[in-house]
Amino acid sequence: MGTYLPALAGGLLIGLSATLLLLLNGRIAGISGLVAGLGRPGARRWTDAAFLLGLALGPPLFALLAGQWPQMRIAAGLPVLALAGLLVGFGTRLGSGCTSGHGVCGLARLSPRSIVAVLVFLATGMLTVAAVRGLA
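Laid out in structure tokens, this is it:
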């Protein structure tokens, strides 16, 4: 059970932060929408920036509390990562939001559009894994 505690704590913090952002500011914690909000004038930009800064400070806070940085392994090279980032950005615009907006916030609000989006995300992920494993 101890190996699941960090994931449980992370999930609770994500849910709490998304709930507080919605209740206190009326904003959905979709990261693509928050990043897009940085380019707009007004007070919302500062709220968006503060939320995103909190996300960026998560790994250093983890390192401070755990005494080590989170372990990550990235097997792809820079060209593949750049292409993947462009495709994610395109998909985010096409899908009117990202996985965090639809999956965390949209499902909690029982948004029909988010339910369809999450089903498409899951189906695409499963098909991709099946295709990649089939090629290997």
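Per the UniProt record's numbering, the very first residue in the sequence shown carries number 1; after that it's consecutive.
Built from N, CA and C at the ideal position, the CB exists for glycine as well.
Q) Would the beta-carbon of residue 84 fall within 7 Å of that of residue 102? A) No, these two residues do not count as a Cβ contact at 7 Å.
Q.
Could you compute how far the alpha carbon of residue 96 sits from the alpha carbon of residue 105?
A. Roughly 13 Å separates the two Cα atoms.
Q: Go through the segment 43-125 residue by residue and report every complete run of the alpha helix (DSSP H) that reaches 4 residues or more, in order.
A: Correct list: 43-56, 58-66, 78-94.
Q.
So, for residue 48: in the same chain, excluding its five sequence neighbours on each side, which residues have a beta-carbon less than 7 Å away from its beta-carbon?
A. In chain order, 34, 37, 38 place their CB closer than 7 Å to the CB of residue 48, counting only its own chain and leaving out the 5 sequence neighbours on each side.
(Q) If distances are taken between C-alpha atoms only, which option among 113, 91, 110, 111 comes closest to residue 124? (A) In terms of CA proximity to residue 124, 91 leads the group 113, 91, 110, 111.
Q) Is residue 69 near the ligand FAD, with its Cβ less than 6 Å from a heavy atom? A) Inclusion of the ligand FAD in the displayed structure is not the case, the ligand content being empty and no account of it being possible.
Q: Using alpha carbons as the reference points, say which of 87, 54, 129 lies closest to residue 13.
A: Nearest of 87, 54, 129 to residue 13, Cα basis: 54.
Q) To the nearest angstrom, how far is it from the Cα of residue 129 to the Cα of residue 135? A) Answer to the nearest angstrom: the Cα atoms are 10 Å apart.
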